[in-house]
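Please read the structure below before turning to the comments.
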Amino acid sequence: MEEIITLDYGSGGKKTSRLIEEYILPAFDNAALSELGDGALLPGAEAIAFSTDSFVVDPLFFPGGDIGKLAVCGTVNDVAMCGAEPKFLSCALILEEGLPVEILERVLQSMRCAAADAGVQIVTGDTKVVEKGRGDGLYINTSGIGFKKHSLPGIQAVRDGDAVLVSGTAGDHGTAVMLARSGMMSGELKSDCMALNRLTDAMLSSGAQIRILRDPTRGGLATTLNEFTEGRDFGIELDESAVPVRPEVTAACDMLGLDPLYCANEGKLVCICAADSAELLLEIMRSLPEGRDAAQIGRVDKSLPGRVVLRTSLGGRRILQKLAGAQLPRIC
Amino acid sequence: MLSGDRSHELLDAIAALPIGETRLMEVCGTHTMSIAKSGIRNLLPKHIHLISGPGCPVCVTVQEDIDAVLELAMKPELILTGYGDMLRVPGSRKGDSLLRRRAMGADVRIVYSPMDALDIAETEPAKQVVFLGIGFETTAPGTAAAVIAAKERGIKNFSLLSMLKSVEPAMRALIETNDFSIDGFLCPGHVATVIGEKGFDFLAEDYGLPGVIGGFEPGEILLALYLLLKQISEGRAVIQNAYPRAVKPEGNPLACQMLRDVFRLAPASWRGLGEIPDSGFVLKDELSNFDAAKRFCIESGAVVLQNGCRCGEVITGRRIPKDCPLFGRGCTPEDPVGPCMVSSEGACAAAYKYQD
Chain A
0 MEEIITLDYG SGGKKTSRLI EEYILPAFDN AALSELGDGA LLPGAEAIAF
50 STDSFVVDPL FFPGGDIGKL AVCGTVNDVA MCGAEPKFLS CALILEEGLP
100 VEILERVLQS MRCAAADAGV QIVTGDTKVV EKGRGDGLYI NTSGIGFKKH
150 SLPGIQAVRD GDAVLVSGTA GDHGTAVMLA RSGMMSGELK SDCMALNRLT
200 DAMLSSGAQI RILRDPTRGG LATTLNEFTE GRDFGIELDE SAVPVRPEVT
250 AACDMLGLDP LYCANEGKLV CICAADSAEL LLEIMRSLPE GRDAAQIGRV
300 DKSLPGRVVL RTSLGGRRIL QKLAGAQLPR IC
Chain B
0 MLSGDRSHEL LDAIAALPIG ETRLMEVCGT HTMSIAKSGI RNLLPKHIHL
50 ISGPGCPVCV TVQEDIDAVL ELAMKPELIL TGYGDMLRVP GSRKGDSLLR
100 RRAMGADVRI VYSPMDALDI AETEPAKQVV FLGIGFETTA PGTAAAVIAA
150 KERGIKNFSL LSMLKSVEPA MRALIETNDF SIDGFLCPGH VATVIGEKGF
200 DFLAEDYGLP GVIGGFEPGE ILLALYLLLK QISEGRAVIQ NAYPRAVKPE
250 GNPLACQMLR DVFRLAPASW RGLGEIPDSG FVLKDELSNF DAAKRFCIES
300 GAVVLQNGCR CGEVITGRRI PKDCPLFGRG CTPEDPVGPC MVSSEGACAA
350 AYKYQD
């Protein structure tokens, strides 16, 4: 059958990887792109980090945030994960005919606040309007530029026994949006949408031996950890009981048939660091609101090449794979 | 839920039971997933084998029915509604699914309850809204309630495509096959909340097989397995309820009555088991104007080309997922051949996802 794009290609999981590896990388082929980091370090100007992201979230407003805040924080975080200080953003708006201007205004105000909080300026942009029915109210693309402040050795520097840290609870954003979309009450559950550049700066300024940072957005924690280990000579053993998950996220996931480890985060980072730096980093992370619930969730293990293995709270072990396609609510 | 410590006590107690090679079957997709997710299989002694039975509603649906659903989705001015599980179930042509049909323009919507489908029908009166009824006694009462509500609210553009099935006839059919070799059943806790402990008495009374109704937390499953294995070691065969906080001896009489009010039992085709008499829930004659199969003249039964899929053997416990020649090669969650690989409760999906 002719291959067509289905929603699975946008899940951040295996089909997204295939889209990138089989179609996008060969088309654009260059050294900066092939690193596949959250952002690119520009050749000839390695002191500049550059990233872009598009936001198509439904609903536009959800507990804990909205599409505007998401569009600012998402790109700020991608730049911050490169060890750079985010400075400037672009903002391209695709508006659907019929969108109330009041909604646009609320979103722009939210972007203004988020940009001010993160210390970035929105300096260029574009607007387009599409016919009714050809857009979901409002889509936003943002690109970001930052100046490299810290050097990060990257995935090649990962060693056996390194610690794997997460800055807080898993799955808050994905679960909150899924609940809001289903029209169900979300109660206390809120998206974790926030900028992390202050957190990364504090961590990278500490002198701790950090190997790599990434924000586990689409596809969640499980997918990001798999991106670390894919094709590498090391694996990661994850301790299920050490992964912080809010009880309300667990409850909502049980009800909807989702797994918090695969639900998107928009205000969390994963860090691989030298084992003897873990304690210092956790202390720094926990001293900031962005990292209040930080925890060590696992360690790098050379005996599990290419794999992420979860030690369950019962003591069993199972493989944690990348997400196969979009997470769908289940039957009963 | 039992604490981890208690779980270890149960595991020790299971290991100490004087039994030989033993094959136990779970007939609930939620059990299948929970067993794989918690890694129970590799914590049990080697002589105890957990086999997945026909417990995943999507997996037991025959290919002809799935293809009929895919064709129905393409009708103009029709909104197909159902649970998320159905979206990725493969048609008989590789790559075909509701997800693909949706990308081609079909209006397919995920709902969390059949009542949501009613609301869609009410807000879009110019369109036909079909709800895909799939599941066992667990989901059937909710579906029945939606049909009753549609009648009461006078919603004429709503209909139900019922692929709902009853668990008991399928378990009987499975036990009566020639090569049946299961020593006891982990009975489905969710179904038991509706049909009660008594709903499984036939296992012990008619076939001399032990059964234990179990909950879904790893500790609850271990407790049920321990009770089941203890019965086997003592040569006993009764039905025990290890999930009493949810399951009553008589089940839920209101839900059972609702099933009798709305549905009649009719022959139904099961993947791997063939046609089983009185195993499918079909709308009664007085409600047949809500029957999508009649409204859209859906005929199942077109012969489907063989594609090497062994889901039928997996569902009936004759083959473990890894022994299917397609497992992980021609058939993966991204590019599935059979429903067991994509349903959130499928045995192959569990085995692939958790490498169990």
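Those protein sequence lines, which keep their order, are chains A and B.
Quick note: the first sequence, position 210, residue 209 per numbering that gives the first Met the number 0, numbers continuous.
Quick note: the second sequence, position 281, residue 280 per numbering that gives the first Met the number 0, numbers continuous.
From the three backbone atoms N, C-alpha and C, an ideal C-beta is built for every residue, glycine too.
Within 8 Å of the CB of Ala-102 of chain B, the CB atoms of chain A belong to Ile-3, Ile-4, Thr-5, Leu-6, in sequence order along the chain. With contacts defined as CB atoms closer than 8 Å, Gly-327 of chain B and Tyr-351 of chain B qualify as a contacting pair. If you compare the alpha carbons of B:Lys-247, B:Pro-168, B:His-46, B:Ile-297 with that of Ala-267 of chain B, the shortest gap goes to B:Pro-168. Take Pro-140 of chain B, set aside five residues on each side of it, and the residues of its chain with a beta-carbon closer than 7 Å to its own are Val-193, Ala-254, Met-257, Leu-258, in chain order. The beta carbons of Gly-54 of chain B and Val-26 of chain B sit about 4 Å from each other, so the pair counts as a contact at 8 Å. With contacts defined as CB atoms closer than 8 Å, Leu-313 of chain A and Ser-6 of chain B qualify as a contacting pair. The beta carbon of Gly-271 of chain B lies closer than 6 Å to those of Gly-311, Ile-314, Thr-315 in the same chain, with the five residues before and after it left out. Chain A places no beta carbon closer than 8 Å to that of Lys-164 of chain B, leaving this residue out of the contacts.
Nearest CB-CB separation between Asn-251 of chain B and chain A: not below the 8 Å threshold.
If you check the CB distance, Leu-195 of chain A and Leu-137 of chain A do not come in under 8 Å.
Its Cα nearest to that of Ser-33 of chain A, the residue A:Ile-19 stands out among A:Ile-19, A:Asp-135, A:Gly-43, A:Leu-88. From the beta-carbon of Ser-268 of chain B, no residue of chain A is found nearer than 8 Å; the closest lies around 19 Å away.
Beta-bridge analysis with DSSP links Leu-131 of chain B to B:Leu-160. Looking at A:Leu-255, A:Ile-209, A:Val-308, A:Gly-219, the one whose alpha-carbon comes closest to that of Asp-238 of chain A is A:Val-308. Counting only Cβ-Cβ distances below 9 Å, Arg-92 of chain B has contacts in chain A at Met-0, in chain order. Setting aside the 5 residues that flank it on each side, Phe-262 of chain B is surrounded in the same chain by Ala-139, Ala-143, Ser-161, Leu-163, Phe-280, Val-281, Leu-282, Lys-283, each with a C-beta closer than 8 Å to its C-beta; the list follows chain order. With a threshold of 16 other beta carbon atoms within 10 Å, Ile-65 of chain B meets it and is buried.
Under a criterion of Cβ atoms nearer than 9 Å, no residue of chain B is adjacent to Thr-174 of chain A; the nearest Cβ is some 14 Å distant. Between the beta-carbon of Leu-198 of chain A and that of Leu-287 of chain A there is about 6 Å, and that keeps the pair under the 8 Å contact cut. Of all residues in the region 309-322 of chain A, those with a C-beta nearer than 7 Å to a C-beta of chain B are Thr-311, Ser-312, Leu-313, Gly-314, Gly-315, Arg-316, Arg-317, Ile-318, Gln-320, reading in chain order. Judged by pairs of C-beta atoms under 8 Å, the region 56-70 of chain A touches the region 107-119 of chain A, as three or more such pairs exist. For Glu-167 of chain B, the secondary structure class from DSSP, reduced to helix, strand or coil, is helix. Contact with chain B is found for Gly-324 of chain A, since one of that chain's Cβ atoms lies less than 8 Å from the residue's Cβ.
Counting only residues of its own chain and dropping the five nearest sequence neighbours on each side, Val-128 of chain A has a CB closer than 7 Å to the CB of Leu-94, Glu-96. Going by beta carbons, Asn-264 of chain A and Gly-219 of chain A fall inside the 8 Å limit. Contact annotation for Asp-95 of chain B against chain A: Met-0 [CB-CB distance below 8 Å, chain order]. Contact annotation for Gly-38 of chain B against chain A: Leu-309, Arg-310, Thr-311, Leu-313, Gly-314, Gly-315, Arg-316, Arg-317 [CB-CB distance below 9 Å, chain order].
Take Pro-44 of chain B, set aside five residues on each side of it, and the residues of its chain with a beta-carbon closer than 8 Å to its own are Ile-13, Ala-14, in chain order. For Leu-309 of chain A, the pairing in a beta bridge is given by DSSP as A:Leu-237, A:Arg-317. Fully enclosed alpha helix (DSSP H) runs of no fewer than 4 residues occupy 28-37 of the region 8-67 of chain B, in order along the chain.
In the three-state scheme derived from DSSP, where H, G and I count as helix and E and B as strand, Cys-272 of chain A is classed as strand. Not a single CB atom of chain A sits nearer than 8 Å to the CB of Asn-306 of chain B. Ser-302 of chain A counts as exposed, since fewer than 16 other beta carbons sit within 10 angstroms of its beta carbon. Residue range 137-147 is occupied by the beta strand (DSSP E) that includes Tyr-138 of chain A.
In terms of Cβ geometry, Cys-272 of chain A and Gln-208 of chain A form a close pair [threshold 8 Å]. Listed in chain order, the non-local C-beta contacts of Asn-225 of chain A below 8 Å within the same chain comprise Val-307, Leu-319, Gln-320, Lys-321, local neighbours out to five positions each way being set aside.
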